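Count along the first sequence from 1, add 241, and you get the number used in the working numbering.
A virtual CB, placed ideally from N, CA and C, is assigned to each residue, including glycine.
Fair warning: this is a prediction, and the values are worked out from it, not measured in the lab.
Presented below is the structure to which this report refers.
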Amino acid sequence: MYPLDECKKEIISQIQKILVSHKITCEIKIEIPPDTMGDFAFPCFQLAPLLKKSPNDIAKEISTEISKSIWITKVEAKGGYVNVFINNTQLISLTLRSILEKKEIYGHLKKQKKKVIIEHTSANPNGPLHVGRARNPIIGDTLVRIFKAAGYDVESQFYLDDMGKQVAILAWGVNNLEQKNIPSSTTIKADHQMVGYYQIANEQMKTEPRIAEQISDIVKKLEGGDHKTIEMIHASYAPVLEGIKQSLQRINIHIDTFIPESTFIYDKSIERVIKGLKQTPYCREQDAAFYIDMEPFGIHGRNTKFFFLRSDGTTLYATRDIAYHQWKAQQADILINILGEDHKLESKQVKVALELLKVKILPQVVFYAFVSLPGGKMSTRRGRVVYLDELIDECIEHAYEEVRKRRDNELTESQMRKIAELIGIGSLRYNIIKVQPEKDIIFTWEEALNFEGNAVPFVQYAHARACSILSKISIKEDTFHAPLLTNHSEITLIKKLAWFPLMIEDACNNCKPHIIANYLFETASVFNQFYRDCPVLCEENELLRSSRLALVHATKIVLYNGLELLGISAPTEM
RNA sequence: GGGCGUGUGGCCUAGCCUGGAUAAGGCACCGGCCUUCUAAGUCGGUAAUCGCGGGUUCGAAUCCCGCCACGUCCGCCA
């Protein structure tokens with residue numbers, strides 16, 4: 242247990258005892274009062290009708306009954322609140338010790354003995370990743386990191402669509418179009434080279450029924466399990482998938498397992514799904530096709546039929562997704578999916594089907610709104626896109642300009658390039674993760690390349706400052722004397738550091754990765770205030786100097802660990 | 001037509017789940033701070049009827065109802 246947890250527990254248990262002695266049982270919710278009014282507050286308003294006294298009288302009464310302890314130094318009643326002041330020395334001492342001992346695992350929570358599968362990205366392998374969907378891998382990977390830190394055993398999965406029309410179109414293009422007719426791409430990456438085949442094939446399919454027929458033939462053969470077709474499809478999309486993996490790797494994202502959709506055709510599990518769904522009382526038949534009537538499950542609208550089997554006996558995307566989830570449910574205790582908001586209905590259909598099939602573990606889904614362009618949605622088909630690779634390059638290039646502006650005559654070219662890479666990649670991830678997934682983002686280069694204010698260089702710079710101070714001392718031992726750290730900036734900073742584990746818990750429990758980004762920004766901000774107020778290296782009192790050094794070291798650790806949760810590197814200088 | 005999501009100073013965002021003290025940050029704008037650990041920093045200022053209208057409550061940005069705007073979905077596509 243972390244120091245702040247102990248402290249909160251002590252306060253809650255004291256209030257609990259007092260309420261019990263007044264024969265009141267209720268959930269104790271303590272909050273954080275504004276600035277100088279204490280560390281924790283207990284509002285007494287809800288007790289007023291029960292005790293038939295004014296909130297302030299109750300607060301006064303409770304505050305006299307709370308006994309001072311190792312954690313509680315002062316209690317005040319004010320405006321209906323019981324304000325509790327905690328023992329700063331105690332918190333500083335235990336928190337610093339905890340951080341400096343645990344180092345790279347400070348903030349991490351105790352092991353849960355639970356397996357989590359986080360499915361993210363799962364993009365069609367028919368072209369490069371574009372910015373419209375870039376939230377997916379970034380949210381997904383950040384959650385992977387947060388859940389690991391929160392003590393879970395985590396596996397990331399990419400559900401690979403090797404059965405659908407999109408890959409069939411690509412495969413048809415690769416096998417039937419001549420290279421000279423494909424518009425050349427600006428990069429040599431395979432995913433960029435191949436997307437032209439998809440785009441042209443897609444156009445031709447619309448105008449020539451013969452081509453459309455050939456493509457749907459491919460789809461049928463795939464579902465029939467025709468090995469030659471499977472190989473042909475695989476050969477077509479493999480280079481694209483490789484390109485996607487490379488892009489992800491550039492932004493520090495690794496996916497543990499790729500699960501091809503075809504898996505569930507070949508292992509016959511899809512047949513069990515169909516059989517199971519047909520047996521439910523909600524199944525209906527229409528022209529030899531089968532669907533679940535979604536009306537009883539709260540789906541209303543023009544069409545409430547969820548078709549899971551076509552009249553030609555072939556399955557649909559959602560049907561295969563059900564088989565995938567049934568399988569996943571056997572592999573893990575918690576399932577999390579990262580999906581675009583356009584998948585809301587499909588996801589609901591899958592959930593209903595899983596319930597009908599009596600599957601115990603249902604996925605928790607994080608939906609994100611699209612990143613669109615000022616004129617509207619991005620589209621690979623229409624070529625109206627900003628590719629992730631372009632954005633990565635631009636971010637790094639922009640970072641390089643900024644580094645050079647400041648450090649041109651101090652650093653070597655390769656040092657500047659190295660730093661620019663860390664800032665550029667970090668900037669990309671940070672700008673996306675700092676906003677709640679459900680908010681729309683309209684992509685502008687100006688915003689994407691924003692390095693001012695609440696942006697990653699602010700956090701990285703604070704880390705670099707801490708490193709810079711630490712690099713100037715020879716003794717690396719952390720000796721500190723907590724009672725000396727009495728400056729307001731020192732106390733604010735260490736309290737912020739003490740909150741880190743609770744932030745991880747919150748971000749994990751609620752699947753809200755943006756909490757970590759905001760926390761880091763605040764932490765960097767209070768560190769900068771400390772930096773301004775409390776000179777470290779030139780402090781003459783030796784013990785205070787080393788105590789401040791320990792605090793700087795602890796801040797460095799927290800910023801580093803926090804950035805790590807976001808998949809962002811922390812440069813030691815910039 | 002129906003479902004889901006979003007709406008907070010000129011712009012962007014946090015807070016909403018779990019109601020509580022003066023609505024918190026950033027950008028932009030105005031004015032200060034580098035002979036001291038990197039000024040990618042810091043201090044101060046201007047700026048918000050929290051989309052609109054009702055309701056619940058001692059108390060509503062937060063909960064409930066209605067409306068408006070934007071996004072998204074309602075295919076034997078994926």
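Going by the CB atoms, is the gap between L576 and S588 shorter than 8 Å?
no
Indicate the three-state DSSP secondary structure (helix, strand or coil) for G368 in the structure shown.
coil
Residue burial classification, M619 (beta-carbon count within 10 angstroms, cutoff 16)
buried
Is R551 helix, strand or coil when you go by DSSP?
coil
Under the rule that 16 or more other beta-carbon atoms within 10 Å means buried, what is I313, buried or exposed?
buried
Looking only at DSSP bridge pairs, what is L576 linked to?
I358
Answer yes or no: do Y347 and V700 have a C-beta to C-beta separation smaller than 8 Å?
no
If I follow the unbroken beta strand (DSSP E) through P537, where does it start and stop?
Neither: P537 is in no beta strand (DSSP E) and is coded neither H nor E.
Within 10 angstroms of the Cβ of L337, are there 16 or more other Cβ atoms? Answer buried if so, exposed if not.
buried
Can you give me the C-alpha to C-alpha distance between V644 and K469, rounded to a whole angstrom?
53 Å
Rounded to whole angstroms, what is the Cα-Cα separation between Y628 and G437?
14 Å
Leaving out five residues on either side along the sequence, give the residues of the same chain with a beta carbon under 8 Å from the beta carbon of L597.
G517, L518, T521, Y523, I533
Straight-line CA distance for C779 to K250?
39 Å
Could you check which residue in D574, M404, T813 has the C-alpha nearest to that of A703?
T813
Other residues of its chain near L245: CB distance less than 6 Å, five sequence neighbours each side excluded:
A739
Tell me whether D276 is buried or exposed, calling it buried when 16 or more other Cβ atoms sit within 10 Å of its Cβ.
exposed
Where do the N-terminal and C-terminal ends of the beta strand (DSSP E) with I313 fall, by residue?
313 to 319
I need the straight-line Cα distance from S715 to R706, nearest angstrom please.
17 Å
With the cut-off set at 8 Å, would you say C752 and V607 are in Cβ contact?
yes
N-terminal and C-terminal residue of the alpha helix (DSSP H) that A765 is part of:
755 to 774
Tell me Q398's beta-bridge partners as DSSP assigns them.
E360, T498
Assign L184 to one of two classes, buried (16 or more other C-beta atoms within 10 Å of its C-beta) or exposed (fewer than that).
Nothing can be reported for residue 184, as the shown portion of the chain is limited to 242 through 815.
Would you say the stretch 792 to 811 touches the stretch 642 to 660, given that touching needs at least three Cβ pairs under 8 Å?
no
Pull the bridge partners of C524 from the DSSP assignment, please.
I533
Going by C-alpha to C-alpha distance, which of D280, F281, G321 sits closest to D299?
Before going on, a small fix: residue 299 reads as Ile here, not Asp. That would be G321, whose Cα lies nearest to the Cα of I299.
Straight-line Cα distance separating D630 from S488
6 Å
Between which two residues does the alpha helix (DSSP H) holding Y671 run?
654 to 674
If you check the beta carbons only, do Y439 and N377 fall under 8 Å apart?
no
Give the DSSP-derived three-state secondary structure of S715 in the structure shown.
coil
Rounding to the nearest angstrom, what Cα-Cα distance links H433 and D403 in this structure?
19 Å
Quick check on R773: buried or exposed, where buried means 16 or more other Cβ atoms within 10 Å of its Cβ?
exposed
DSSP state of T330 mapped onto helix, strand, coil
helix
Would V568 pass as a contact of F611 if the rule is Cβ separation under 8 Å?
Residue identity differs from the one stated: residue 568 is Trp in this sequence, not Val. For W568 and F611, no; Cβs fall outside 8 Å.
Is R622 helix, strand or coil when you go by DSSP?
coil
According to the Cβ coordinates, are I380 and W413 closer than 8 Å?
no
Report, in whole angstroms, the separation of the C-beta atoms of P501 and L401, which I expect to be a contact under 8 Å.
5 Å
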